[in-house]
Amino acid sequence: MPSSPPPARDTNAPEHQRLLPTLLIPAFVTLLAVSSVNVILPAVSQDLSAGTAGLQLVVSGYSLVFGVVLVPAGRAGDVMGRGRIFVIGMILFGVGSLASGLAPDIVTLNLARVVMGVGSGLLNPQVAGMIQQYYSGESRGRAFGLFGAVIGVSVAVGPVLSGGLIGWLGDDWGWRASFLINVPLVLLGVWAAHRYLPDSAWHRQDGGSGAGRDRVDLDPVGMVLLAAGTLLIM
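Position 152, counted from 1, in the sequence shown is what my numbering calls 154; the numbers after and before it change by one each time, with no gaps.
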């Protein structure tokens, strides 16, 4: 006897209307960090007496770690629960933003940017995964379309936002504010995630259980090889 089709999701329900902003606003904030940093480099160089190599790492360190983490983070969401990885990513991004904004030297800033990159790399695959999981049909297409728009708009808005903060607060505090502004947004995002993400988002997606099973599913050797290959290509 053929199995009955799964029940249709009511994408007009209030929980679905709140879910998409809960996912897309943190994604927007983390993706701002890709382009916003370009404008602040002269101010960072002056304030922290940073050389060319250190400034290059401010830009590339975040993007490099972000790219390396993306693929294993997607699998980690399947195994550990997308909601959990989403929130962990937000918290790491917030901690890195706070440390970046308070950095006393270029080394601290670059280490903090790496933490931000890890957080962003953990968070963004969960956005795509939860859109795929909780939306269907035309609503899924619209949700992915909005996600794509968020990516494009964040790249365009980042330099404008950073430049505006430097113009308003000056070189010394403007570049720091471009990082510190993320912290309250992250706190709001963590609260919204706990309030609005569905219960199923906090659990693994493939029905397995057990720590040993999780380690096998995550394939740590494969993740290390993938990361090494990505680093060599980049």
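Virtual Cβ for every residue (Gly too), placed ideally from N, Cα, C.
Source: prediction; values computed, not measured.
Have a look at 184, 78, 73 and 39 and flag the residue whose alpha-carbon is nearest the alpha-carbon of residue 207. 78
With three or more beta-carbon pairs closer than 8 Å as the criterion, would you say the stretch 123-130 touches the stretch 65-76? yes
Check residue 65 in the structure and name its three-state DSSP category. helix
I'd like to know whether the C-beta atoms of residue 65 and residue 157 end up nearer to each other than 7 Å. no
Can you tell me whether residue 173 is helix, strand or coil according to DSSP? helix
CB-CB under 8 Å to residue 162, same chain, minus the five flanking residues each way: which ones, in chain order? none
Could you check how far apart the C-beta atoms of residue 69 and residue 199 are, in whole angstroms? I think they sit under 8 Å. At roughly 26 Å, the Cβ-Cβ gap does not stay under 8 Å, so residue 69 and residue 199 are not in contact.
Does the Cβ of residue 227 have 16 or more other Cβ atoms within 10 Å, making it buried, or fewer, making it exposed? exposed
So residue 122 packs on residue 184, CB below 8 Å; how close in whole Å? Their Cβ separation, rounded to whole angstroms, is 11 Å, which puts residue 122 and residue 184 out of contact at 8 Å.
DSSP three-state label for residue 205, please. coil
Return the chain-ordered ranges of every beta strand (DSSP E) run that is complete within the stretch 120-206 and spans a minimum of 3 residues. none
May I ask you to report which of helix, strand or coil DSSP gives residue 211? Unreliable positioning characterises residue 211 in this predicted model, as indicated by a pLDDT of 49, which lies under 50. The coordinate reading is nonetheless provided below. In the structure shown, residue 211 sits in coil (DSSP, three-state: anything other than H, G, I, E or B).
Could you give the DSSP three-state label for residue 74: helix, strand or coil? helix
Just mark residue 54 as buried or exposed, buried being the case when its beta carbon has 16 or more other beta carbons within 10 Å. exposed
Could you tell me whether the Cβ atoms of residue 133 and residue 33 are closer together than 7 Å? no
Quick check on the DSSP output: the alpha helix (DSSP H) that includes residue 44 runs from which residue to which? 39-50
Quick check on this structure: which residue in 230, 231, 191 and 222 has the alpha carbon closest to the alpha carbon of residue 91? 191
Kindly list the residues whose CB is nearer than 7 Å to the CB of residue 28, restricted to its own chain and excluding five residues on each side of it in sequence; keep chain order. 92, 125 and 191
Look up residue 105 in the DSSP assignment and say whether it is helix, strand or coil. coil
Chain-order list of residues whose beta-carbon lies under 8 Å from that of residue 30 (same chain, five-residue window excluded): 152, 155 and 156
Below 8 Å, can you find three or more Cβ-Cβ pairs linking the stretch 48-63 to the stretch 133-147? no
Spatial neighbours of residue 177 within its chain, please: CB distance less than 8 Å, with the 5 preceding and 5 following residues excluded, ordered by chain position. 42, 45, 46, 49, 164, 167 and 168
Given that a residue counts as buried once 16 or more other Cβ atoms are within 10 Å of its Cβ, and exposed if not, what is residue 112? buried
Report buried or exposed for residue 115, applying the criterion of at least 16 other Cβ atoms within 10 angstroms of its Cβ. buried
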